[in-house]
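Please read the structure below before turning to the comments.
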Amino acid sequence: MTTPFYVSPAQAMQDRAEYARKGIARGRSLCVLQYADGIVFVGENPSRALHKFSEIYDRIGFAAAGKYNEYENLRIGGVRYADLRGYTYDRDDVTARGLANVYAQTLGTIFSSAGEKPYEVELVVAEVGTSPEGDQIYRLPHDGSIVDEHGSVAVGGNAEQISSFLDQRHRDGMSLAEALKLAVQALSRDTNGGEREIPAERLEVAVLDRTRPQQRKFRRIVGRQLSRLLDTDSAATAPTDAPSDEEPED
Amino acid sequence: MEANPRSTGRLPAAFLTPGSSSFMDFLSDHSPELLPGKRTLPPVQGAIEAPHGTTIVAASFPGGVVLAGDRRATMGNMIAQRDIEKVFPADEYSAVGIAGTAGLAVEMVKLFQLELEHFEKVEGVQLSLEGKANRLSTMIRGNLGMAMQGLAVVPLFAGYDVDRDKGRIFSYDVTGGRSEEQQGYAATGSGSIFARGSLKKLYREDLTEEQVITAVVQALYDAADDDSATGGPDVARRIYPIVTVITEDGFRRLTDAESSEIARSILERRLAEPDGPRAALL
Numbered sequence: 001m002t003t004p005f006y007v008s009p010a011q012a013m014q015d016r017a018e019y020a021r022k023g024i025a026r027g028r029s030l031c032v033l034q035y036a037d038g039i040v041f042v043g044e045n046p047s048r049a050l051h052k053f054s055e056i057y058d059r060i061g062f063a064a065a066g067k068y069n070e071y072e073n074l075r076i077g078g079v080r081y082a083d084l085r086g087y088t089y090d091r092d093d094v095t096a097r098g099l100a101n102v103y104a105q106t107l108g109t110i111f112s113s114a115g116e117k118p119y120e121v122e123l124v125v126a127e128v129g130t131s132p133e134g135d136q137i138y139r140l141p142h143d144g145s146i147v148d149e150h151g152s153v154a155v156g157g158n159a160e161q162i163s164s165f166l167d168q169r170h171r172d173g174m175s176l177a178e179a180l181k182l183a184v185q186a187l188s189r190d191t192n193g194g195e196r197e198i199p200a201e202r203l204e205v206a207v208l209d210r211t212r213p214q215q216r217k218f219r220r221i222v223g224r225q226l227s228r229l230l231d232t233d234s235a236a237t238a239p240t241d242a243p244s245d246e247e248p249e250d
Numbered sequence: 001m002e003a004n005p006r007s008t009g010r011l012p013a014a015f016l017t018p019g020s021s022s023f024m025d026f027l028s029d030h031s032p033e034l035l036p037g038k039r040t041l042p043p044v045q046g047a048i049e050a051p052h053g054t055t056i057v058a059a060s061f062p063g064g065v066v067l068a069g070d071r072r073a074t075m076g077n078m079i080a081q082r083d084i085e086k087v088f089p090a091d092e093y094s095a096v097g098i099a100g101t102a103g104l105a106v107e108m109v110k111l112f113q114l115e116l117e118h119f120e121k122v123e124g125v126q127l128s129l130e131g132k133a134n135r136l137s138t139m140i141r142g143n144l145g146m147a148m149q150g151l152a153v154v155p156l157f158a159g160y161d162v163d164r165d166k167g168r169i170f171s172y173d174v175t176g177g178r179s180e181e182q183q184g185y186a187a188t189g190s191g192s193i194f195a196r197g198s199l200k201k202l203y204r205e206d207l208t209e210e211q212v213i214t215a216v217v218q219a220l221y222d223a224a225d226d227d228s229a230t231g232g233p234d235v236a237r238r239i240y241p242i243v244t245v246i247t248e249d250g251f252r253r254l255t256d257a258e259s260s261e262i263a264r265s266i267l268e269r270r271l272a273e274p275d276g277p278r279a280a281l282l
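Going down the list, the protein sequences come from chains A and B. At position 89 of the first sequence (counting the first as 1) the number is 89 in UniProt numbering, and the numbers step up by one without a gap. At position 188 of the second sequence (counting the first as 1) the number is 188 in UniProt numbering, and the numbers step up by one without a gap.
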């Protein structure tokens with residue numbers, strides 16, 4: 001008969017947090033930025049099928065870094081939550097705040113329950129408003145806390161460095177092309193300060209575009225449209241530029 | 001350390017169970033009372049009086065399909081609503097028009113729209129047009145109990161098939177039986193007999209989009225002419241049929257100005273010829 005080792009709760013939590021953080025750090029980082037006409041999601045993702053960003057509801061988008069099966073599960077849970085809520089009440093009653101709360105509770109309960117392994121994910125829930133003041137971005141770390149973010153946010157392995165890079169350069173009212181290029185620049189920086197090239201076909205880009213006439217504001221930017229945005233000369237980029245573009249390969 | 005999942009705002013287990021991409025399947029697992037088909041009516045004598053929607057017509061043209069409906073809802077001999085809307089977008093490439101019990105039909109459409117959107121969000125791709133049509137079939141079948149008590153819903157489903165590059169029309173019966181209309185036009189509701197007769201004489205496969213819209217509005221006029229439950233264009237109140245067009249570019253609903261212009265030009269001609277355009281005898 002052996003007595004189990006005593007592990008202080010503080011130590012147990014620390015171990016679990018470290019476990020989750022390590023898992024998240026293995027994944028590639030992504031960032032979410034506000035621009036003049038909405039919110040843009042940019043990440044490096046070699047896969048065309050396994051998305052990091054997706055639509056939850058009319059004005060709400062979802063981004064996740066970490067373990068695919070875990071965040072995919074949360075994403076589908078969120079779509080179900082939003083659709084059920086919109087069906088029971090009204091489409092306007094589905095909000096990013098409500099969804100972020102549910103995610104926080106879910107992640108928090110899983111994190112602190114001894115029987116479950118903590119989820120190795122970090123989420124971003126964003127809602128585009130009718131004006132930039134109405135935009136909301138929430139970051140949800142693995143432990144169930146909620147951080148209300150403004151302007152730009154990065155999650156994933158290299159998040160801190162990317163965040164500080166973005167914080168210094170991001171400003172309100174950027175055009176889509178400007179915000180996109182800033183994001184790519186931030187993602188291309190290595191931990192040791194070097195830079196590498198991320199080709200357009202390895203980028204996953206999506207926007208919540210408030211100027212979109214449809215009720216559902218989420219749209220992916222792929223193919224020619226993406227390369228056109230990346231090629232735009234910064235000097236020539238007027239704020240009215242990209243978002244009104246046609247969507248040839250939607 | 002584990003908290004009670006009921007007292008936290010945590011997502012219930014059903015939300016995180018992988019598997020179905022269908023919102024209806026999820027509802028029947030998680031909160032079946034919200035599903036329309038799960039309700040039972042107490043036994044009642046005779047038919048239940050509830051507003052009924054009437055005539056819906058659809059016709060295809062090269063490159064798309066038109067779905068239109070009149071604006072009247074009736075309850076027995078009374079006009080329950082003059083400006084009801086009975087044609088709805090189902091998703092970007094399809095639309096559904098409903099005849100039958102208005103309250104149930106609107107709920108069915110709402111659930112159908114959500115079913116398609118939910119699938120698209122979960123899977124990342126849209127259902128095929130056939131898949132959408134089959135899904136609607138299941139929903140009508142779920143309403144069979146109500147239909148047998150006089151609360152039937154009979155929709156017409158039209159969409160643009162992106163794989164085959166053409167507009168397609170599906171019609172249904174109360175039991176959920178589904179058939180694709182191969183001749184290019186279809187109608188449902190109380191005025192459908194007259195509308196179909198009218199389209200039979202006016203419709204040709206090679207009509208342009210504008211011509212098909214005119215033919216469809218003519219058919220609704222003919223239905224209103226002979227069926228008391230179908231409403232014609234109401235010039236005094238500015239209530240005109242709802243006309244929707246689905247093409248490669250997606251769903252589009254004609255603006256009030258556009259549909260009033262078509263309805264008025266038809267009305268103008270009918271002042272001289274009340275029975276509308278005449279077909280050749282031979």
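Cβ atoms here follow ideal geometry from the backbone N, Cα and C, with glycine treated the same way.
Span of the alpha helix (DSSP H), counted from its first residue to its last, around residue i
i	result
B:Thr138	Leu129 to Gly142
A:Met13	Pro9 to Arg26
B:Leu267	Asp256 to Ala272
A:Ser227	Gly223 to Asp231
B:Glu210	Glu209 to Asp226
residue 299 of chain B	No answer is possible for residue 299 of chain B: the residues shown for chain B start at 1 and end at 282.
For residue i, the first and last residue of its enclosing beta strand (DSSP E)
i	result
A:Glu44	Gly38 to Glu44
A:Glu55	Phe53 to Tyr57
B:Phe251	Gly250 to Arg253
A:Arg48	Where A:Arg48 is concerned, there is no enclosing beta strand (DSSP E), given that its DSSP letter is neither H nor E.
A:Arg139	Gln136 to Leu140
A:Ala206	Leu203 to Asp209
Cutoff 7 Å; reference residue i; Cβ partners in own chain excluding five residues on either side
i	result
B:Leu27	Leu34 and Leu35
B:Leu114	Phe23
A:Pro248	Its pLDDT being 44, under 50, A:Pro248 is placed unreliably in this model, and the coordinates cannot settle the point.
B:Thr101	Ala50, His52, Leu151, Ala152 and Val153
B:Gly184	Ala59, Ser60, Tyr203 and Glu205
A:Gly115	none
8 Å Cβ cutoff, residue i in contact with chain A
i	result
B:Pro36	no
B:Leu114	yes
B:Leu136	no
B:Arg10	yes
B:Phe88	no
B:Val212	no
Own chain residues within Cβ distance below 8 Å of residue i, not counting five before or after
i	result
A:Ser244	Confidence at A:Ser244 is low in this model, with a pLDDT of 44, below 50, so the placement of that residue is unreliable and no value is reported for it.
B:Ala280	none
A:Gly157	Ile24, Ala25, Arg26, Gly27, Arg28, Ser29 and Ala65
C-beta neighbour in chain B for residue i, strict 8 Å
i	result
A:Glu77	Checking the sequence, you will find Gly at residue 77 of chain A rather than Glu. Cβ-Cβ to chain B under 8 Å: yes for A:Gly77.
A:Glu55	yes
A:His142	no
A:Arg80	yes
A:Tyr119	no
A:Asp231	no
A:Tyr87	yes
A:Thr95	no
A:Gln105	yes
A:Asn192	no
Contact set for residue i: own chain, Cβ-Cβ below 6 Å, skip 5 residues either direction
i	result
A:Gln14	none
B:Asn4	For B:Asn4, the pLDDT reaches just 42, beneath the cut-off of 50, and the residue's location in the model is therefore unreliable, although a value from the coordinates is still provided. Correct list: empty, nothing qualifies.
A:Ile60	Ala96 and Glu127
A:Glu149	Ile137 and Arg139
B:Val216	Val57, Ala59, Val66 and Ala68
B:His118	Phe23
Whole-angstrom distance between residue j and residue i, CA atom to CA atom
i	j	result
B:Gly177	B:Met146	16 Å
A:His170	B:Gln81	54 Å
B:Ile266	B:Glu85	21 Å
B:Thr247	B:Gly63	6 Å
B:Glu210	A:Leu208	34 Å
B:Gly191	B:Lys38	30 Å
B:Arg238	B:Val212	22 Å
A:Glu72	A:Tyr19	19 Å
Q.
Whether or not the stretch 97–114 of chain A and the stretch 73–86 of chain A are in contact is what I'm after, with contact meaning three or more pairs of Cβ atoms, one per stretch, closer than 8 Å; do they touch?
A. yes
Q) Is there contact here, the stretch 159–169 of chain B with the stretch 34–44 of chain B, by at least three beta-carbon pairs under 8 Å? A) no
**Q.** contact_flag[the stretch 66–82 of chain B, the stretch 106–123 of chain B] where n(CB pairs < 8 Å) is 3 or more
**A.** no
**Q.** Stretch-stretch touch, CB-based, cutoff 8 Å, three pairs: the stretch 161–171 of chain A with the stretch 138–148 of chain A
**A.** no
Q) Is the stretch 119–130 of chain A in contact with the stretch 163–180 of chain A, if contact means three or more CB pairs nearer than 8 Å? A) no
Q.
Whether or not the stretch 215–232 of chain A and the stretch 44–60 of chain A are in contact is what I'm after, with contact meaning three or more pairs of Cβ atoms, one per stretch, closer than 8 Å; do they touch?
A. yes
Q | Stretch pair the stretch 15–24 of chain A + the stretch 180–197 of chain A: three plus CB contacts closer than 8 Å | A | no
Q. Are the stretch 206–222 of chain B and the stretch 95–103 of chain B touching by the rule of at least three beta carbon pairs closer than 8 Å?
A. no
Q.
Whether or not the stretch 118–129 of chain B and the stretch 8–17 of chain B are in contact is what I'm after, with contact meaning three or more pairs of Cβ atoms, one per stretch, closer than 8 Å; do they touch?
A. no
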